[in-house]
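These notes are about the structure you will find just below.
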Amino acid sequence: MTSRPPDPRAALTQFAVLDALLAGAYESGLPVAEARSIGDFGLGCVDHLGGEVVILDGEVIECTLDGPPIEMDDEEILPFAIVCRFPDVASVGIQEQDLSGFTASVERALISRNLFHAVRFDGVLSEVRLRITPRQHHPLPALAEVTSHQVETVERAVRGTLVAFWTPAIYQGIAVGGLHLHFLSDDRSFGGHVLDLAVDAGDLRVAAFTRFDLRLPTDELFLRTELTHAEDHRIVAVEGGVQAGAGAAPPAH
Numbered sequence: 005m006t007s008r009p010p011d012p013r014a015a016l017t018q019f020a021v022l023d024a025l026l027a028g029a030y031e032s033g034l035p036v037a038e039a040r041s042i043g044d045f046g047l048g049c050v051d052h053l054g055g056e057v058v059i060l061d062g063e064v065i066e067c068t069l070d071g072p073p074i075e076m077d078d079e080e081i082l083p084f085a086i087v088c089r090f091p092d093v094a095s096v097g098i099q100e101q102d103l104s105g106f107t108a109s110v111e112r113a114l115i116s117r118n119l120f121h122a123v124r125f126d127g128v129l130s131e132v133r134l135r136i137t138p139r140q141h142h143p144l145p146a147l148a149e150v151t152s153h154q155v156e157t158v159e160r161a162v163r164g165t166l167v168a169f170w171t172p173a174i175y176q177g178i179a180v181g182g183l184h185l186h187f188l189s190d191d192r193s194f195g196g197h198v199l200d201l202a203v204d205a206g207d208l209r210v211a212a213f214t215r216f217d218l219r220l221p222t223d224e225l226f227l228r229t230e231l232t233h234a235e236d237h238r239i240v241a242v243e244g245g246v247q248a249g250a251g252a253a254p255p256a257h
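Mapping of the sequence shown onto my numbering: position 147 corresponds to residue 151, and the numbering continues sequentially without gaps.
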């Protein structure tokens, strides 16, 4: 699979940085209406880390512990989000892959390991393990503490869409270096942050971006929290998945 050259005018936009969540600085956020105006494809998290977000075909969907995934209101905020307009790129069929195999398929389609890529898979997963985090309250705990109370769910033989971004390793801490995956089932009954998966069959599309637009919060908590990136294992521990240039990472627990 060969990706077409990226459009130099197209940008991948991110609000906040992962290290801020690790430090417990996630008091403000990007309004859903603004996220929708930026792009039609993406992922993020709910206000106060109260769930996971999938942005798919222009809809901003929250996956929480309160019930099945639902569309978010314009005035709600996303303390962390990555959004783009997914371009028209060719797809390739893949089948019978675990997480490492799926990641290898994605990485074979990269134009360069120094570029950001949006990744979309539509099809059937023979198994997927997801997490959702509970809403937090002041004083806001660090992400590692939040994920120690995450709720994990495993579903089998489920049809849906993987919404993901592949980030160059040099940006670890700004985002998740390697592959960051969220999932939403076609029937909107199930979704969240992907910890592990097994592909049955479906279509994979990968699109490269040469522009990365980073927007930072301006709330008091973020401004007075000095962020110092260290200990990459923290990100692997709380995000799971496969990191850039590595094999399968340990699970979140």
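From the three backbone atoms N, C-alpha and C, an ideal C-beta is built for every residue, glycine too.
Cβ neighbours of residue i in the same chain (closer than 6 Å, five flanking residues each side left out)
i, result
"residue 131", "160 and 202"
"residue 216", "16 and 120"
"residue 147", "25, 26 and 242"
"residue 48", "57, 82, 84 and 85"
"residue 221", "20 and 32"
"residue 139", "52 and 54"
"residue 163", "128 and 190"
"residue 144", "28"
"residue 101", "203"
Delimiting residues of the alpha helix (DSSP H) encompassing residue i
i, result
"residue 223", "That residue, residue 223, is in no alpha helix (DSSP H); it is neither H nor E in DSSP."
"residue 24", "22–26"
"residue 147", "147–151"
"residue 173", "Where residue 173 is concerned, there is no enclosing alpha helix (DSSP H), given that its DSSP letter is neither H nor E."
"residue 36", "36–42"
Bridge-paired residues (DSSP) for residue i
i, result
"residue 168", "123 and 185"
"residue 157", "134"
"residue 63", "60"
"residue 259", "Any question about residue 259 goes unanswered here, given that the chain covers just 5 to 257."
"residue 87", "17 and 46"
"residue 162", "129"
"residue 82", "34"
Own chain partners of residue i with C-beta closer than 7 Å, once the 5 adjacent residues on each side are dropped
i, result
"residue 249", "Here the model assigns residue 249 a pLDDT of 46, short of 50, so the residue's position is not dependable and the matter cannot be decided."
"residue 257", "For residue 257, the predicted structure reports a pLDDT of 32, less than 50, and the residue's modelled location is therefore unreliable. The matter cannot be settled from this model."
"residue 191", "none"
Contact set for residue i: own chain, Cβ-Cβ below 8 Å, skip 5 residues either direction
i, result
"residue 37", "78 and 79"
"residue 72", "192, 193 and 194"
"residue 39", "19, 46, 48, 59, 64, 82, 85 and 87"
"residue 12", "214 and 215"
Residue i Cβ short of 6 Å to the ligand MN heavy atom set
i, result
"residue 185", "With respect to the ligand MN, the structure offers nothing, as it holds no ligand at all."
N-terminal and C-terminal residue of the beta strand (DSSP E) that residue i is part of
i, result
"residue 209", "195–213"
"residue 48", "45–49"
"residue 14", "Careful: residue 14 lies outside any beta strand (DSSP E) and carries neither H nor E."
"residue 93", "No beta strand (DSSP E) holds residue 93; DSSP gives it neither H nor E."
For the structure I just gave you, are there three or more beta carbon pairs, one from the region 67–81 and one from the region 108–122, closer than 8 Å? no
Only counting runs of 3 or more residues, tell me where the beta strand (DSSP E) segments fall wholly within the region 95–145, in order along the chain. 96–102 and 120–136
Looking at C-beta atoms only, is the number of pairs between the region 146–165 and the region 81–93 that lie closer than 8 Å three or more? no
Between the region 175–183 and the region 54–66, can you find at least three pairs of beta-carbon atoms closer than 8 Å? no
Within 8 Å, do at least three Cβ pairs link the region 66–75 to the region 98–109? no
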